[in-house]
Structure formats: C-alpha cells, structure tokens
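Heads up: the structure comes next, in structure tokens.
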Amino acid sequence: MSKVTVRFFHVGKAGKNVPDLEKALWAAHALSDKASGRERVVEGHVLRLERLADYGEYTAGEIVRKQTGDIPPEANSEGLARLSVSEGGGLGHCIAFRYHRRLAIIAIQFDTRAVSINRLMLYLKEIDTSQVYNVRAMIRRDSWEKYNKGKPTKLSFTIAQPTNLAAVEGEVGSVIASTKRLAEIAEAPRIHIEVSMGRGKGSLRKGVVDDVLKFFTTGVGKTEEVKQLQVNSSTDDGTEMIDFLTELLKDTDHLELPDGDPEGHYKVRLAWLKEAFDKHYDQIELMHGAASDGIS
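If you count the sequence shown from 1, position 270 lands on 283 in my numbering, and the numbers rise without skipping.
Here it is as structure tokens:
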C-alpha cells in the first residue's frame, strides 16, 4: 500500500490576457506527440506533461519530473548494482491532478519528491510567458471562521531553509525580512518564531497576523518549507489553538498501486482524486461557486 495525499488550490489568472488554465494545459499537450517533446527545464528539473484528458467539467492529467542524475542503485540479492535506464531516459516521479474548470480549483497530489503546484505553473510559463497564474491553497472554511471569531494572542511558525523566503512589501514584508536576516546571521537552516501576549492583556495586531497567515497559506510563502503555522485565537469562551497546516483542505489515503504498470498506476490515483474532489465538492462550491473572471 502506498500513502497518497491530495491538496486543493484555487488557480487565478495574473492578468486579463492570460488563457484559461485548461487551454494552457492543452497547449502543453499539443507541443508533441512524443513525450520528450513536451519536456521543459524548470528550476533545474526536467518536467513534462505526460497525459491529459477532459472529463465533463474537469480536465485531468499527469505531470512528471524526470530524474536523470543522482540515480540510486538497485539493491539485489548480490548487493548494490547500477540501476540502468535507457539512453535519454530517467526515473519518473509522477503527479496526477484534476481541475474543475468553472470553479478554477485544482486537486493535485502532494509529493515533495515530484512536482509541486508552483512548478507546474512555472512549467506552463516556460512554454508561454503569458501563462502566469496565481495559486492559493484552500484552507478548511471552518478554520478561518474559528480564527475570525476571536482575537489572536499568539502566533508561531517554523520555516526550513528560511534564507529562501520570498520578499514582499508592507508590514508582513518586514516580518519576513527580519526572519530571513536572523537566519542568515545565525547560519540557521531552520528557524522558529513565536510572538505572544504572554500574561499581558489584549491581543496581537490582527491585521499583521492576518497578513502573515495569508503569506504562508495563500501567498508566495506557501511552500513545503513551512513546517509549523499556528495561532491562538481568544474569545470570551476561552482560547483555541488553530493549526493552519493541518487545517489545509486535503486528503490522505493508502492505495494499492500496481507495480510495473504506469497506466494502471495513474488510473488508480486519478480515480482516488475524483473521490476526494467529490467528497469536498459541496464545501468547495460554497467557497468558490460564485466564480468571477478568474483574475486574482
């Protein structure tokens, strides 16, 4: 059994001349009938759209990272041996996705070894520079409701590789820049920041806390390097800790995936993505059913 995780994202266009996401995907698919003809180098990784199809209101497919270097050895009964791949080939790290065109919501497998949602978007931009999209991770609707019912009294976050944090403007930019600078001075590969009211009365400035949460959940700071993101929200009934990483709209399951059968492997994962999307459809429809022009 293999553990598989799916996360949900809203995909918005960065401008009025940006094509719909499904059109960009089909443009990538039309590059070549041969898989290698659809390959592009993104941030030093070879990516390609492996397959694509429409299913009613959905467009679904598979994006692959081709690993051509640092190939691990085969461990056989005699010991370790060179794992051979064909000339021009490599190891394929595969990610399935399912995109609802009207809602502009994509359900995509989450696997740090393969292709992130951000790299999928960069792949499309590599094909056509007009194809620029903004993606926002979907948070469980009740998480924001719980947070907004109270006042923030503590905020904490942990970041791996903090020197890679993106620069942004405004007050949240000062928070991020200070975090990054502290990590650089200390040469720290991981940093934990916590601010709280302690025993004092009152609350933290909600606008600043809001911006930090949005930066790490729906902004440019939404990466796999965010290891913790928690806030304490206080009401007259008490204080509740909300973990915005575990509150992401996602699903995890263990699937029986067939060995040596790429097509069957994909079909099992795609069927599970459909189940996961159907499971959360009502919540997604409630949050994004009144879709605008998709520009964000």
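Each residue gets a CB set at the ideal place from its N, CA and C atoms; glycine is no exception.
Check                                                                                              : Outcome
Status (buried if at least 16 other CB within 10 Å, exposed otherwise) for Y294                    : exposed
Alpha-carbon to alpha-carbon, G251 and E52                                                         : 54 Å
Distance CB(S15)-CB(H267) smaller than 8 Å                                                         : yes
Of the listed residues T248, R115, V244, N30, nearest to Y68 (C-alpha basis)                       : R115
Beta-ladder partner(s) of D67, from DSSP                                                           : T72
Cβ-based neighbour list, I140, same chain, cut-off 6 Å, excluding 5 preceding and 5 following      : A41
Q144 to A43 span [Cα, whole Å]                                                                     : 15 Å
Whole-number beta carbon distance between G183 and T248, since they are thought to touch under 8 Å : Contact doesn't hold; Cβ gap of about 28 Å is too wide.
Beta-ladder partner(s) of E260, from DSSP                                                          : DSSP, once it has assigned bridges, lists no residue as partnering E260.
Boundaries of the alpha helix (DSSP H) in which S49 is found, first to last residue                : Looking at the DSSP string, S49 is not in any alpha helix (DSSP H), and its letter there is neither H nor E.
Backbone CA spacing between L137 and N131 [nearest angstrom]                                       : 10 Å
Inter-residue spacing [alpha-carbon to alpha-carbon] between T265 and V77                          : 20 Å
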